[in-house]
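Student: Each residue of the sequence shown is one higher than the one before, counting from 3 in the working numbering. Note that beta-carbon positions come from the ideal geometry of N, C-alpha and C, so glycine has one too. Being a predicted model, the structure only gives us computed values, none of them experimental.
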Amino acid sequence: MPLFTFEVFDGEGPISRCVRNLPDRKAALRYAKLLKTEMAHRQGVEITVRNAEGAVAAQIRSASQRATHESRRSGG
């Protein structure tokens, strides 16, 4: 199974980093979405998924509460 590295950042810098053996990129994306859900209490979280070679396999950003609030107010 390939290795994937998950790096979690917020607006102030890195929060955590973990490495997992997962069967494929699809499983890595599911794990990243789970991390995003667990970090929902923090604003502006960004999760970067890297494959074994270090290339970015995916990047997931959660909107800050302010951005979500602004888009609702503007009708977007």
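Can you look up L5 in the DSSP assignment and give me helix, strand or coil?
Tutor: One-based indexing of the sequence shown puts residue 5 at position 3. Strand.
Student: G15 bridges to which residues according to DSSP?
Tutor: Position 13 of the sequence shown holds residue 15. Looking at the DSSP assignment, G15 forms a beta bridge with D12.
Student: Which same chain residues end up closer than 8 Å to R19 when comparing Cβ atoms and leaving out the 5 residues on each side of it in sequence?
Tutor: As a first step, residue 19 must be located in the sequence shown, where it is residue number 17. Only T7, F8, E9 and V10 meet the Cβ criterion.
Student: Determine whether the beta carbon atoms of A30 and V51 lie at a separation below 8 Å.
Tutor: Taking the first residue of the sequence shown as 1, we reach residue 30 at position 28. Taking the first residue of the sequence shown as 1, we reach residue 51 at position 49. The criterion of a C-beta distance shorter than 8 Å is satisfied by A30 and V51.
Student: Taking the C-alpha atoms as reference points, what is the distance between P4 and K38?
Tutor: Translated into the one-based positions of the sequence shown, residue 4 becomes position 2. Translated into the one-based positions of the sequence shown, residue 38 becomes position 36. Going by the C-alpha atoms only, they are around 21 Å apart.
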